[in-house]
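The letter at position 117 of the sequence shown is residue 117 when you use my numbering, and the numbering goes up by one with no holes. Step one of this worksheet: look at the structure below.
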Amino acid sequence: MNKFLSIWKYMCPRCRQGKLFTEPFEIGNPLSMPHSCSVCEQKFEPEPGFYYGAMFISYILTSSLLLPIALFCVFYLGWSANGAMVLIIALGATMFLWVMRYSRSLWIHIMVKYRPGYVKK
Ligand SMILES: [Zn+2]
């Protein structure tokens, strides 16, 4: 599995076989992650506050996705700024959980190296 597919499918960054998030998905606890990988025992929170870095990823993702849409609506479709803002807020709220999970996955993939065949002994 390549890195992008691994990030996309929320797999463990080290072995790319274990699941990064607890399954099945719970709406009340969308960011629930196991303590460590079930395959290679990579810790999913290597240090306290590890996922603060993921907030920057989520900011970059959200702004790079939503800003062009807002600019398109205002300058190409001729919407008012308020109309575009309503659309952006609705889209942002809809994408929120996906962005949070995806940015965590991206963050841990940046920080942890892939070690193929690494399994617990
Ligand atoms: Zn693993």
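Cβ atoms here follow ideal geometry from the backbone N, Cα and C, with glycine treated the same way. Since we're looking at a predicted model, the values are computed, not measured.
Review point. My guess is that LEU21 and TYR10 are in contact by the Cβ rule of under 8 Å, so how many angstroms apart are they, rounded?
Key: As written in the sequence, residue 21 is Phe, which differs from the Leu given in the question. So it is a contact: roughly 5 Å between Cβ atoms.
Review point. Would you call the stretch 76-85 and the stretch 31-50 in contact, with 3 or more CB pairs under 8 Å?
Key: no
Practice item. Consult DSSP for MET11 and reduce its assignment to one of helix, strand or coil. Key: strand
Point to revise | Best match in MET95, LEU66, GLY117 and PHE50 for proximity to TRP107 [C-alpha to C-alpha] | key: PHE50
Review point. DSSP on LYS3, reduced to helix/strand/coil?
Key: helix
Check your understanding: Based on the DSSP secondary-structure assignment, which residues constitute the bridge partners of LYS113?
Key -> LYS113 is not bridged to any residue.
Check your understanding: CB ILE69 to CB LEU91, shorter than 8 Å?
Key -> yes
Review point. Among the residues of its own chain, which have a CB less than 6 Å from the CB of MET1, if the five just before and after it don't count?
Key: ARG16
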